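> Using this note's numbering, you'd call the opening residue of the sequence shown number 3 and step up by one each time.
A virtual CB, placed ideally from N, CA and C, is assigned to each residue, including glycine.
Being a predicted model, the structure only gives us computed values, none of them experimental.
Could you have a look at this structure, given as structure tokens, before my questions?
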Amino acid sequence: MSSKFLEELSNDYEKLFETEIGYDVIIYAGEEPNVKEIHAHSNILCISSKYFRTAFSNEWAEKKDGKFILKKPNISPHLFDIILRFIYCGNIELKNLQGPDVLKLLIAVEELNIQQLISHIQEYLIKHQTVFLHQNPTGILETIYQHETFTDLWDFCL
């Protein structure tokens, strides 16, 4: 007999995310004066993203006191927390973000190569942030053009 305990497993990962027990990654997210030190687990990050698998490889990895050090000044602490919560817990809440922050989140998840979020966030922007997308069409198109994986937004804006 096979049993499924996905909810309990998800809750366990959420506790791990919130308590940071046994972390082996220190991420510095944001730019001065708004840098935040965030703790995570390399195994969990590597499962979710090719970017992290490469970042923690022997060629790339920076380590200090047995912990991987990752600096991401181009991703705000708030957005990095949203991304990590998705990686650990499998859920993401976009409705509390304004259009520009949703677009920044999309750019961040593309950089971190979190594939399942790229299409989800594009779909959210198209369905719920249409006004934002039409406010600055030239700027939006320029951003989309720089990111070849934003095909849904490209199709929508053209």
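1. Please classify residue 133: is it buried, with 16 or more other beta-carbons within 10 angstroms of its beta-carbon, or exposed?
2. Which value, in whole angstroms, describes the spacing of the CA atoms of residue 11 and residue 160?
3. Is the Cβ-Cβ distance between residue 77 and residue 119 less than 9 Å?
4. Give the DSSP-derived three-state secondary structure of residue 57 in the structure shown.
5. State the start and end residues of the unbroken beta strand (DSSP E) segment that holds residue 27.
6. Which runs of the beta strand (DSSP E) spanning at least 3 residues fall entirely within the region 90 to 130, listed in chain order?
7. Applying the 10 Å Cβ sphere with the 16-neighbour rule, what's the burial state of residue 112?
8. Rounded to whole angstroms, what's the CA-CA distance from residue 163 to residue 19? Just pull it up for me.
9. Might you give, ordered along the chain, the residues of its own chain that have their beta carbon closer than 7 Å to the beta carbon of residue 33, omitting 5 neighbours on each side?
10. DSSP three-state label for residue 152, please.
11. Okay, do the region 38 to 45 and the region 15 to 30 touch, 3+ Cβ pairs below 8 Å being the bar?
Reading off the structure:
1. With fewer than 16 other Cβ atoms from the protein chains shown falling within 10 Å of its own Cβ, residue 133 counts as exposed.
2. Rounded to whole angstroms, the gap between the alpha carbons of residue 11 and residue 160 is 42 Å.
3. Between residue 77 and residue 119, the gap from beta carbon to beta carbon reaches 9 Å or more.
4. helix
5. 27 to 31
6. none
7. buried
8. Any question about residue 163 goes unanswered here, given that the chain covers just 3 to 160.
9. Cβ neighbours of residue 33 beyond the five flanking positions: 75.
10. coil
11. yes
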